[in-house]
Structure formats: structure tokens, C-alpha cells
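The opening position of the sequence shown corresponds to residue 1 in UniProt numbering, with each subsequent residue numbered one higher. Note that CB positions come from ideal geometry on N, CA and C, so glycine has one too. Below is one structure, written out as C-alpha cells; comments come after it.
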Amino acid sequence: MNARTRDRRVYLGSHPVLFALLAATRRRPVLRLGGTLLVHDRAAFVAALTRVPLDRTAPGTTGGAAGRLAGGALLFDQHGAEHRRARRDAADALGAAGVAELRPGWTRLLERLLGPLAGGGEVDLVPVAAELAGSTAATLLGVTADGPALAAAARDAADAAARAHLPGLRRLRADAAARTATEKLTALVAPDGGEHAALAAMLAVAAVSTTVAVVPRAAAWACDAGLWEYADRPALADELLRVTAPTPLLPRVAAGPGELPVPGGCPVRSGDRMLLVARHALDAHHLDPDPRRPAPARIAQLAFGAGAHACPGARVARTQLGDVLRALAPYRPVVVRARVDRRAALPSWRSLVVRAS
1 MNARTRDRRV YLGSHPVLFA LLAATRRRPV LRLGGTLLVH DRAAFVAALT
51 RVPLDRTAPG TTGGAAGRLA GGALLFDQHG AEHRRARRDA ADALGAAGVA
101 ELRPGWTRLL ERLLGPLAGG GEVDLVPVAA ELAGSTAATL LGVTADGPAL
151 AAAARDAADA AARAHLPGLR RLRADAAART ATEKLTALVA PDGGEHAALA
201 AMLAVAAVST TVAVVPRAAA WACDAGLWEY ADRPALADEL LRVTAPTPLL
251 PRVAAGPGEL PVPGGCPVRS GDRMLLVARH ALDAHHLDPD PRRPAPARIA
301 QLAFGAGAHA CPGARVARTQ LGDVLRALAP YRPVVVRARV DRRAALPSWR
351 SLVVRAS
């Protein structure tokens with residue numbers, strides 16, 4: 001199957017109406033629909049994140065969902081000295097030194113989990129990604145929780161919070177389900193409670209949900225496009241992160257007026273809802289991954305956002321995906337079966353089974 005055709009199934013299977021709307025409007029840099037702005041243009045995307053004051057706790061936004069999950073506390077959403085201190089702590093844990101400490105653990109896991117490929121067996125990369133993410137999150141948080149159990153709890157919490165928060169997808173008892181899932185996760189990552197319990201749960205959700213979304217999709221693309229010969233190039237991981245865009249849509253709400261830099265200008269009013277389409281800002285919708293001629297770093301970095309609140313886990317994500325690709329490459333795997341996860345918070349495979357070619 002063509003790599004782009006297969007990956008498109010993830011979007012159409014998980015959020016068909018939403019992504020049909022985004023595809024139909026993508027030729028407009030910014031489109032206003034009442035109090036909502038659909039932002040497709042790259043410069044406008046960056047400006048919305050860096051130049052427009054944002055209400056990061058508004059209902060229906062990523063921050064709103066995170067705030068509900070964390071009981072009002074947002075990861076890295078502090079201001080002033082507190083914000084800078086939190087970012088420094090994150091840099092220590094997720095920077096070069098932190099990655100060097102984490103890497104041996106996930107390398108051993110990959111060796112064990114991908115072992116069946118050497119004997120001609122099949123491997124489902126979704127539980128592989130989940131255990132990888134859960135174990136890494138447990139190490140980061142300094143807890144002894146079982147990796148697969150932590151990953152399952154984090155995915156349940158993320159999916160339940162998203163269902164309770166997204167317009168048009170509200171279901172009976174959705175809020176109660178989100179609270180129950182969050183309590184189970186918090187019991188794993190902070191069994192003694194404490195003031196940092198909610199933030200620990202948020203970190204686990206962020207680490208697990210994005211890893212489970214991107215690793216199987218990136219591997220499927222490498223399988224279908226025959227990219228394994230480039231597995232030793234760091235550019236392959238960067239390009240696959242760009243085209244899979246783990247968080248393809250960033251919902252934000254303006255806390256004050258601003259303007260987006262598109263021809264003729266586009267004023268932003270306080271209270272406007274902005275749907276920032278990272279997938280289009282990254283050219284993921286039409287520019288295939290090319291490790292020989294990768295997109296400039298300033299574009300590829302947008303997969304992790306922009307500005308003061310960009311994802312601090314970018315180095316971990318790039319390094320971990322690169323290690324997964326290198327571990328798979330000797331087997332030149334092919335996709336045997338794939339099934340879309342229709343309940344996930346982020347576009348994901350529910351199952352992606354590969355075997356050595």
C-alpha cells in the first residue's frame with residue numbers, strides 16, 4: 001500500500017468530519033467561521049502561538065483538557081520565574097544528559113520486544129510503543145510502575161479527557177469517566193499523592209499518547225515507502241515526525257486581540273477560537289518525507305509547537321524514534337495488518353503488525 005494512502009486512513013478513521021473540513025479549507029491561509037479561525041498558513045500558525053495572547057485554560061483547548069486532567073495545574077504554564085524554573089528542570093530531565101540516562105533502558109526493551117522478527121515472527125508495534133513510552137515515563141518520574149500498565153492508564157486518561165472536552169463528542173458520563181481514568185493514572189505515577197501528583201499524571205499522558213501515536217505511524221510509513229536504508233540518518237526521524245505530525249491540530253483561544261500575518265491581515269479578537277493546523281504548517285499533507293533533502297529545521301521543529309510553550313520533550317522524541325527505526329531496519333519489515341484506533345485522543349493505529357521481509 002502507498003505510504004500516504006495508509007497514513008490517511010488514520011485521520012479518516014479517527015476524526016473523519018473534522019479532517020474533511022480541514023482538508024476542504026486548507027487552500028485558505030486563515031478562514032474565519034464566526035468566532036473560530038482555521039489557521040493553515042505556517043507564518044500565521046507561528047504568530048498565533050508566539051504573538052497572540054492565549055487563554056491556555058479555555059474549554060475545548062489542549063490546555064483546557066490538560067487542566068481538567070490535572071485539576072487546574074498546567075505543565076510548564078507558569079509565568080515569570082516559576083515558568084523559567086520549570087523549564088530548566090525539564091531541560092535537565094529531557095536534555096542531552098537526561099536522554100543519555102534514559103536510552104540504555106529503552107534500547108534493552110527494543111531488543112527484547114522486536115526479538116520475534118529475527119525468527120520470522122510478527123510484532124505489533126502499538127504495544128511495543130506503549131511499553132516503550134510507559135517504561136520511559138516511569139523512569140522519568142522515578143516510580144516503579146509497570147510500563148505497560150502505566151501506558152494503558154495514561155492512554156485511557158488522555159482518550160477520556162479528549163472525549164469529554166471535544167465539541168460534538170460529548171457522551172453520557174464522559175466527565176465521570178475522565179475523572180475515574182485520571183484517578184487510576186495518578187495512583188500509578190504518584191501513589192503517595194502530593195502537590196506534584198497532577199503534573200506527574202500530565203507528563204505521563206503527554207509522553208505516552210504522543211509516542212503511541214507517532215512510532216507505529218512512522219514505522220508504517222518507512223515500511224511502505226522503503227526508507228529503511230536511511231535509518232542511520234537523523235534526518236529520517238525528523239522527516240517522519242514532520243509528516244506524521246503527532247499532534248496535528250492545536251486548539252487555542254485568544255485571551256486578547258492580535259493579528260495574523262496573512263495577505264490583507266487577519267485580526268484576532270479576544271475570545272476567538274483558533275484551530276491551528278500543524279499538519280498543514282509542516283507541509284505534511286503534500287510533502288513526503290525525504291531524508292536526503294529534509295525540510296529546514298525551522299519547519300520540522302513546528303511538530304513540537306513554537307515559542308515559550310513548545311514541547312520540551314523534542315530531543316527525547318527524536319532520539320527514541322531514531323532508535324526504533326534503527327532497531328527495525330535490519331529486518332526490512334513490511335506491514336501485515338493495520339487497524340485504526342477510533343477512540344484515541346490523537347490519530348493512531350490500534351494495531352500495526354509487521355514482520356521481516
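Going by Cα to Cα distance, which pick from the options is closest to residue i?
i	options	result
Thr319	Arg339, Gly34 and Ala96	Ala96
Val262	Thr36, Asp41, Leu21 and Leu12	Asp41
Arg4	Ala231, Ala218, Leu38 and Leu188	Ala218
Ala281	Phe45, Leu21 and Pro347	Phe45
Ala152	Leu141, Ala130 and Ala161	Ala130
Thr15	Val340, Leu140 and Ser351	In the sequence as displayed, the identity of residue 15 is His instead of Thr. The residue with the shortest Cα to Cα distance from His15 is Val340.
Ala255	Thr57, Met1 and Leu38	Thr57
Leu250	Leu31, Pro191, Val39 and Ala235	Val39
Ala297	Pro234, Pro29 and Arg350	Pro234
Ala47	Ala118, Arg350 and Leu302	Leu302
Leu140	Pro127, Arg242, Glu101 and Arg28	Glu101
Met274	Trp349, Arg108, Ala43 and Gly35	Gly35
How is residue i classed by DSSP in three states: helix, strand or coil?
i	result
Ser351	strand
Ala231	coil
Asp272	coil
His79	Caution is warranted here: a pLDDT of 45 is assigned to His79, below 50, making its placement in the model unreliable, and the coordinate value is therefore given only provisionally. Reduced to three states, the DSSP call for His79 is coil.
Ala338	strand
Leu249	strand
Pro333	strand
Pro167	Residue placement at Pro167 is poorly supported in this model, since its pLDDT is 49, which falls under 50; the coordinates are not used for a value here.
Gly98	helix
Ala345	coil
Asp224	helix
Comparing the C-beta of residue i with each C-beta of chain D, is any distance below 8 Å?
i	result
Asp159	Going by chain labels, chain D is absent from the structure shown, which holds only one protein chain.
When you compare the CB positions of residue i and residue j, do they come within less than 8 Å of one another, or not?
i	j	result
Ala201	Leu185	yes
His285	Arg279	yes
Ser209	Ala149	no
Val353	Val336	yes
Glu122	Arg332	no
Gly258	Arg51	yes
Leu94	Pro216	no
Ala327	Leu114	yes
Leu110	Asp272	no
Arg6	Asp224	yes
Thr247	Leu346	yes
residue 383	Ala181	No answer is possible for residue 383: the residues shown for the chain start at 1 and end at 357.
Ala204	Ala137	yes
Ala317	Leu241	yes
Val214	Leu321	yes
To the nearest angstrom, how far is it from the Cα of residue i to the Cα of residue j?
i	j	result
Val268	Leu276	13 Å
Ala220	Arg252	30 Å
Val99	Pro312	12 Å
Gly305	Leu49	8 Å
Ala308	Phe19	28 Å
Thr244	Thr144	31 Å
Ala161	Gly265	35 Å
Asn2	Ala190	44 Å
Across the region 10-17 and the region 289-308, are there enough close Cβ pairs to call them in contact, namely three or more that are closer than 8 Å? no
With a threshold of 8 Å, are at least 3 pairs of Cβ atoms found where one atom belongs to the region 227-245 and the other to the region 23-40? no
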